[in-house]
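Asks:
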Amino acid sequence: MSDQDTHRGPDFDEFVAAEFTNILALALAVLHDRDDAVDVAQETMARTFARWDVVATLDRPGAWTRRVALNLATDTLRRRTRRQRLHLRLRSQPPPIADEQDTVEWDRTFWAKVAALPKRERDVVVLHYVDDLTIADIASIVDSPEGTVKSDLSRARGRLRNAMQRNDHDVQDEE
Amino acid sequence: MSDFDDQARAAGERVRRDAERIAGTIEPFASPSDSGPGRSSHWLLAAAAVVVVVAGIGGLLLAANRDAGVDTVSPPPDSRPATTMIAEPPTTTEPTPTTATVPTTAEPPTVASIRRPIVDPAVCTPISATSGGRSGLPRDPGSSRPVTLFTRGSDSPVPIQIIAAPVDGQAKPFAVVLRYVGRQRQFVSPENTESINGIDIFVGTYDNGNGEAEWTLPDGSMGYLRSRGLDREQLVSILTQLTPRPADALIPGFDFGADGPDGLELVAEQLNTEPRDASFAGSQCRVESTGYVYRIVATTGNPVFTFAMVIDRPPPVDVAVVGDAVIVINGIADAAAPRASDVLDADEEPWRQLLISSEAGPEPELAQLIGGDNEVVVDFVPIDDTSTLVSSLTLRVDVTDGVAFLEVYTNDALVAGAAEYWKTEIDGRMRSRSSATPGEGRRGAFGSRLGDSPSFEQLTEEFTVRISTTDGDDQTIQTTGTIRLVPILAAD
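Set out below in structure tokens:
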């Protein structure tokens, strides 16, 4: 093994230890499916490893990795065929993470609405609510001005709030 | 803090807890230096990822990986020459008028080629790079799928013939001629036809330098010509020189007579189903003063492919032949636009950094001019990108009584069977929805008003458009993706 490999091993593992759960959470929020989310998180780390000698030199390697993860999650969303989506909507069993007892119906609906947002808004929402990042941090990850991130977040919040309110009314009507 | 924000944050926190629980049940990704019992599968995953990456970016990283002991992927063995070169380049050339900005015809054969094209950063800041096309044809030279030019596919092999100057023809006016068997289209405009050799041929030339012709031959096959930089008279001259070959010819296209305009010759031909040995690399950059993004592509190899890369896309800002590479720049052709003479061959490490940037970031959208005679033709592809269906939509902007409309023409669209609606989004907001009829080549158009209260003066800012088909549940089936458009409406 070369010195370079020896050098990048420990640094990379520290990075994985610090970031893997964060990346998995982002993927989970977007995909709402445990297996897909794990695949995305693992693939993100595989790509990070493949580029680690360069990524490690970046000011914020975590930002690069988050962008890869969000792009991979979007690719996964696109690849889901219409049949799969229909199945997801119609099947009687809730999606995998909804099996957890402490996951509430509100969450399922909320993340489904998030997944339906345009990519830019979806990325901003997930980074804001799941990763709890500042506007400046989000702007550096999505490579947009802070003002654009604010307006994207504001627009997405409005859409989500309205969608959730409509959903609440629908549920009340059914009751 | 609103109730909604509180709930959303709590939902985010619950996702984090879910992620922590899941992460505790799986082996996290580990680097090979930490490999031990139970780690082998992840090491294999990492190794596989490295190999995939190396394969994906072709030879660009070969030198770097050689030092690291990484196996490289060799190209397949040479196949027979896929393209017939009709004309041999002359060994001596007379200086000829050319749009090429980098002279090569009179240069000694030591002219350096370009494999990693970037624009001088002082002119245009590099953003990203790619060593292959993202989707569609003929952008992917490694694909075994048939070349589909101008989003016009065919069940039968299609002869592709290039009529061009014999040297550096990609950077000069040229035409591509196709012949389709068993595919007829009837949109010929009677006011733009010419009677040539006893056949009515639709001939169109446009302000952006593009031209086209379409005609039906006595045997029922269809001829189609697309040109760059040729005027109507030159197109008619070319069409006059075309004689259809027998249907059982090896390449059943056309013979080209000796009296073509301005020394143009039949320089290359092949069937669209034949292999093509070509390479492609590109980068994108942003001009800081305008914010416009430009795409720079370098192609080498198969002449049909290199000509197609010039013509099967929006009219280029500039084209040049440098060594054996054809350099094409696309974007907004204003005074600040980069030129082919600004293109450099990047060093390996900066290029590698750009490739990494491409993977991490969203693809910058290339702005295109729209308005007046400037129409925009965009790929229209299924959201499930495993499909090979490729068709196109044509976008135009029309101003009536001071109100501007975006018009979408569907003649070249292949609408999926499950599609029920057309959906138009402008600047990320849905602007219109109308019924869609599945099938191919159905004439039609629909429009959307641009802006909430558009006035002519307001149409100076660029805007984004995304056209999609959806099913009854608003699930996207096909889409153009997001397109950046810059209006260039002249005052009436």
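Chain order of the listed sequences is F and D.
All the letters of the first sequence, read from the start, carry residue numbers 240 to 414 under this note's numbering.
All the letters of the second sequence, read from the start, carry residue numbers 471 to 962 under this note's numbering.
We treat Cβ as the ideally placed atom computed from N, Cα and C, and that holds for glycine.
Kindly indicate the opening and closing residues of the alpha helix (DSSP H) around Leu814(D).
Replies: Start at 1 with the first residue of the second sequence, and residue 814(D) comes out as number 344. Careful: Leu814(D) lies outside any alpha helix (DSSP H), inside the beta strand (DSSP E) at Val813 to Asp815.
Asks: Relative to the alpha-carbon of Ser753(D), which residue among Pro820(D), Asp725(D), Ala805(D) and Ala886(D) has its alpha-carbon at the smallest distance?
Replies: Within the second sequence, numbered from 1, the residue matching residue 753(D) stands at position 283. Looking at the Cα atoms, Pro820(D) is the closest of the given residues.
Asks: For Ala728(D), count neighbouring C-beta atoms within 10 Å of its own C-beta (all shown protein chains included) and say buried if the count is 16 or more, exposed if not.
Replies: Residue 728(D) sits at position 258 when you count from the first residue of the second sequence. It is exposed - the Cβ of Ala728(D) has fewer than 16 other Cβ atoms within 10 Å.
Asks: Does the distance from the CB of Gln640(D) to the CB of Val791(D) come in under 7 Å?
Replies: Locating residue 640(D) in the second sequence gives position 170, counting from the first residue. Locating residue 791(D) in the second sequence gives position 321, counting from the first residue. Cβ distance < 7 Å, so Gln640(D) and Val791(D) count as in contact.
Asks: Cβ atoms of Val269(F) and Arg286(F): under 7 Å apart, would you say?
Replies: Taking the first residue of the first sequence as 1, we reach residue 286(F) at position 47. Taking the first residue of the first sequence as 1, we reach residue 269(F) at position 30. With a cutoff of 7 Å on beta-carbon distance, Arg286(F) and Val269(F) are scored as not near each other.
Asks: For chain F, find out if any of its Cβ atoms is closer than 7 Å to the Cβ of Gly482(D); answer yes or no.
Replies: Locating residue 482(D) in the second sequence gives position 12, where the first residue counts as 1. Answer yes: the Cβ-Cβ gap between Gly482(D) and chain F drops below 7 Å somewhere.
Asks: Can you tell me where the alpha helix (DSSP H) holding Ile492(D) begins and where it ends?
Replies: As a first step, residue 492(D) must be located in the second sequence, where it is residue number 22. Where Ile492(D) is concerned, the enclosing alpha helix (DSSP H) stretches over Asp473 to Ala493.
Asks: Go ahead and pull the three-state DSSP assignment for Gly639(D).
Replies: As a position in the second sequence, residue 639(D) is number 169, starting the count at 1. Helix at Gly639(D).
Asks: Are three or more beta carbon pairs between the segment 794-801 of chain D and the segment 672-681 of chain D nearer than 8 Å?
Replies: no
Asks: Can you look up Arg765(D) in the DSSP assignment and give me helix, strand or coil?
Replies: Taking the first residue of the second sequence as position 1, residue 765(D) is located at position 295. Correct three-state label for Arg765(D): strand.
Asks: How long is the line joining the alpha carbons of Glu483(D) and Thr373(F), rounded to whole angstroms?
Replies: As a working note, residue 483(D) is residue 13 in the second sequence. As a working note, residue 373(F) is residue 134 in the first sequence. Glu483(D) and Thr373(F): Cα-Cα distance of roughly 16 Å.
Asks: Should Pro965(D) go down as buried or exposed, given a rule of 16 or more other Cβ atoms within 10 Å for buried?
Replies: Outside the displayed range of chain D (471 to 962) lies residue 965(D), so it cannot be described from this structure.
Asks: Please state whether DSSP places Pro627(D) in a helix, a strand or coil.
Replies: To locate residue 627(D), count along the second sequence from 1; it is residue 157. Here Pro627(D) sits in coil by DSSP.
Asks: Anyone know if the C-beta pair for Ser749(D) and Thr776(D) falls short of 7 Å?
Replies: Counting from 1 along the second sequence, the entry for residue 749(D) is found at position 279. Counting from 1 along the second sequence, the entry for residue 776(D) is found at position 306. Not a contact, by the Cβ cut-off of 7 Å.
Asks: If the cut is a Cβ gap below 7 Å, which residues of chain D does Ala450(F) touch?
Replies: Nothing about residue 450(F) can be read from this structure; chain F reaches only from 240 to 414.
Asks: What's the C-alpha gap between Gln631(D) and Leu736(D)?
Replies: For this step, residue 631(D) is matched to residue 161 along the second sequence. For this step, residue 736(D) is matched to residue 266 along the second sequence. Spanning the two alpha carbons is a distance of roughly 7 Å.
Asks: From what residue to what residue does the beta strand (DSSP E) around Asp689(D) run?
Replies: On the second sequence, position 219 is the one that residue 689(D) refers to. Taken as a continuous stretch (DSSP letters only), Asp689(D) belongs to no beta strand (DSSP E), as it is neither H nor E.
Asks: Using beta-carbon positions only, say whether Ile380(F) and Arg290(F) come within less than 7 Å of one another.
Replies: Residue numbering aside, residue 380(F) sits at position 141 when the first sequence is read from its first letter. Residue numbering aside, residue 290(F) sits at position 51 when the first sequence is read from its first letter. Not closer than 7 Å, so no.
Asks: Have a look at Ala493(D) and Ala266(F) and give me their C-alpha separation to the nearest angstrom.
Replies: The count along the second sequence starts at 1 and reaches residue 493(D) at position 23. The count along the first sequence starts at 1 and reaches residue 266(F) at position 27. Ala493(D) and Ala266(F): Cα-Cα distance of roughly 12 Å.
Asks: Under 8 Å Cβ to Cβ from Val363(F), same chain only, skipping five residues before and after it: list those, please.
Replies: Against the first sequence, residue 363(F) aligns to sequence position 124. Cβ neighbours of Val363(F) beyond the five flanking positions: Ile377, Val381, Val388, Asp391, Leu392 and Ala395.
Asks: For chain B, find out if any of its Cβ atoms is closer than 7 Å to the Cβ of Arg361(F); answer yes or no.
Replies: Checking the listed chains, one finds no chain B in this structure; the protein chains it contains are F and D.
Asks: Check for me: the beta strand (DSSP E) holding Glu664(D) runs from which residue to which?
Replies: Position 194 of the second sequence, counted from the start, is the residue given in the question as residue 664(D). Thr663 to Ile666 is the extent of the beta strand (DSSP E) around Glu664(D).
Asks: Answer yes or no: does any C-beta atom of chain F fall closer than 7 Å to that of Ala898(D)?
Replies: Sequence index remark: in the second sequence, residue 898(D) carries index 428 (1-based). In the sequence on display, residue 898(D) carries Gly and not Ala. Chain F, which has a Cβ nearer than 7 Å to the Cβ of Gly898(D), makes this yes.
Asks: Which same chain residues end up closer than 6 Å to Ala312(F) when comparing Cβ atoms and leaving out the 5 residues on each side of it in sequence?
Replies: To locate residue 312(F), count along the first sequence from 1; it is residue 73. Counting only Cβ-Cβ distances below 6 Å, and skipping sequence neighbours, we find Ala266, Val269, Leu270 and Val279.
Asks: Thinking C-beta only, is Ile937(D) closer than 7 Å to Thr894(D)?
Replies: Residue numbering aside, residue 894(D) sits at position 424 when the second sequence is read from its first letter. Residue numbering aside, residue 937(D) sits at position 467 when the second sequence is read from its first letter. Yes; because the gap between Cβ atoms is below 7 Å, this pair is in contact.
Asks: Would you list, in sequence order, the uninterrupted beta strand (DSSP E) runs of no fewer than 3 residues that lie entirely inside the segment 715-741 of chain D?
Replies: 724-726 and 735-741
Asks: Given a cut-off of 7 Å, decide if Lys358(F) and Ala402(F) are closer than it, judged by their beta-carbon atoms.
Replies: Numbered from 1 along the first sequence, position 163 holds the residue referred to as residue 402(F). Numbered from 1 along the first sequence, position 119 holds the residue referred to as residue 358(F). No, the pair does not count as a contact, with Cβ atoms beyond the cut-off.
Asks: With which residues is Pro957(D) paired in a DSSP beta bridge?
Replies: By one-based count along the second sequence, residue 957(D) stands at place 487. BP columns for Pro957(D) point to Ile840(D).
Asks: Please report whether the beta-carbon of Ile492(D) lies at a distance below 7 Å from any beta-carbon of chain F.
Replies: Along the second sequence, read from residue 1 onward, the residue named residue 492(D) stands at position 22. At least one chain F Cβ lies under 7 Å of Ile492(D).
Asks: Any idea which residues DSSP pairs Cys755(D) with across the strands?
Replies: As a first step, residue 755(D) must be located in the second sequence, where it is residue number 285. According to DSSP, which records beta bridges pairwise, Cys755(D) is partnered with Pro596(D) and Tyr764(D).
Asks: To the nearest angstrom, how far is the alpha carbon of Asp185(F) from that of Val589(D)?
Replies: This structure cannot speak to residue 185(F), because chain F is shown only from 240 to 414.
Asks: On a Cα-Cα basis, can you pick out the residue from Arg487(D), Ala599(D) and Val956(D) that is closest to Arg765(D)?
Replies: For the purposes of this step, residue 765(D) is taken as the residue at position 295 of the second sequence. Considering only alpha carbons, the answer is Ala599(D).
Asks: Closest by CA to Asp817(D), which one among Arg586(D), Phe474(D) and Asp638(D)?
Replies: Start at 1 with the first residue of the second sequence, and residue 817(D) comes out as number 347. Of the candidates Arg586(D), Phe474(D) and Asp638(D), the one whose C-alpha sits nearest the C-alpha of Asp817(D) is Arg586(D).
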